[in-house]
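Asker:
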Amino acid sequence: MEPLVLAVGTALVSAMATDAWQQARSSAVALWQRVHPQRTPAIEEELAEVRAEILAARESGDEQAESDLAADWQRRLRRLLRDDPSLGDELRRVLDEELTPLLVGEEGNGLRKVEMHARASGRSRIYQAAGNQTINET
Numbered sequence: 004m005e006p007l008v009l010a011v012g013t014a015l016v017s018a019m020a021t022d023a024w025q026q027a028r029s030s031a032v033a034l035w036q037r038v039h040p041q042r043t044p045a046i047e048e049e050l051a052e053v054r055a056e057i058l059a060a061r062e063s064g065d066e067q068a069e070s071d072l073a074a075d076w077q078r079r080l081r082r083l084l085r086d087d088p089s090l091g092d093e094l095r096r097v098l099d100e101e102l103t104p105l106l107v108g109e110e111g112n113g114l115r116k117v118e119m120h121a122r123a124s125g126r127s128r129i130y131q132a133a134g135n136q137t138i139n140e141t
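For what it's worth, this note's numbering labels the leading residue of the sequence shown as 4, then goes sequentially.
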């Protein structure tokens, strides 16, 4: 699930910088409403703050601030998934059907579709990561 959480967190923050930010906010709020409905008002406020921060970061060319915002929301999504492991399919749907389409038409956002495939055997481990991209797990 980790690549999915990374992709959703990055796509969410990127989408908050677009004209479709309200749709992105609604998608994220719906996830929290499902698991922690009492947190919905706080998440709405925090996403409004993210929009202001991401716009300021992009205006000043502060790529580190954008990366930090994505990492923060990745951590939040990881905790949300920990609280409700059945949310995995919904995260995939939100990424594929809601967030990615918001970003596809954006010029200069650097989002591209990446597929990663890896196979481990024995006691080996594989670590894969991609920043500012959607990831299809197979």
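Using N, Cα and C, we set each Cβ at its ideal position, and we do this for glycine too.
Short of 8 Å in beta carbon distance, which residues of its chain neighbour Leu34, apart from the five on each side in sequence? Order them along the chain.
Answerer: Residue 34 sits at position 31 when you count from the first residue of the sequence shown. Within the same chain, Leu34 has close Cβ partners Leu80, Leu83, Leu90, Glu93, Leu94 and Val97.
Asker: Ordered along the chain, which non-local residues of its own chain (more than five positions away) have a Cβ less than 6 Å from that of Gln77?
Answerer: If you number the sequence shown from 1, residue 77 lands on position 74. The answer, listed in chain order, is Val8, Leu9 and Gly12.
Asker: Between Ser127 and Pro6, what straight-line distance do the alpha-carbon atoms span, to the nearest angstrom?
Answerer: Position 124 of the sequence shown, counting from 1, holds the residue named residue 127. Position 3 of the sequence shown, counting from 1, holds the residue named residue 6. Roughly 18 Å between the two C-alpha positions.
Asker: Among the candidates Ala45, Ala14, Val38 and Pro104, whose CA atom is the shortest distance from the CA of Ile57?
Answerer: Taking the first residue of the sequence shown as position 1, residue 57 is located at position 54. Out of Ala45, Ala14, Val38 and Pro104, Ala14 has the C-alpha closest to the C-alpha of Ile57.
Asker: Please report how far the alpha carbon of Ala27 lies from the alpha carbon of Gly125, in whole angstroms.
Answerer: Position 24 of the sequence shown, counted from the start, is the residue given in the question as residue 27. Position 122 of the sequence shown, counted from the start, is the residue given in the question as residue 125. Taking the straight line joining both Cα atoms gives about 41 Å.
Asker: Where does the unbroken alpha helix (DSSP H) through Asp65 begin, and where does it stop?
Answerer: The residue you call residue 65 lines up with position 62 of the sequence shown. Looking at the DSSP string, Asp65 is not in any alpha helix (DSSP H), and its letter there is neither H nor E.
Asker: Report buried or exposed for Ser17, applying the criterion of at least 16 other Cβ atoms within 10 angstroms of its Cβ.
Answerer: The residue you call residue 17 lines up with position 14 of the sequence shown. Label assigned to Ser17: buried.
Asker: Quick one: what does DSSP say Ser124 is sitting in, helix, strand or coil?
Answerer: By 1-based counting over the sequence shown, the position of residue 124 is 121. Looking at Ser124 - three-state DSSP - the assignment turns out to be coil, as it is neither helix nor strand.
Asker: Is Leu72 closer than 8 Å to Thr21 when the C-beta atoms are compared?
Answerer: Along the sequence shown, one-based indexing puts residue 21 at 18. Along the sequence shown, one-based indexing puts residue 72 at 69. No, Cβ-Cβ distance for Thr21 and Leu72 is not below 8 Å.
Asker: State the Cα-Cα distance for the pair Arg50 and Arg122, rounded to the nearest angstrom.
Answerer: Taking the sequence shown and counting its residues from 1, one reaches residue 50 at position 47. Taking the sequence shown and counting its residues from 1, one reaches residue 122 at position 119. In the sequence on display, residue 50 carries Leu and not Arg. C-alpha separation (whole angstroms): 37 Å.
Asker: Would you mind sorting Ile129 into buried or exposed? The rule is 16 or more other CB atoms within 10 Å of its CB.
Answerer: By 1-based counting over the sequence shown, the position of residue 129 is 126. Exposed: under 16 other Cβ atoms inside 10 Å.
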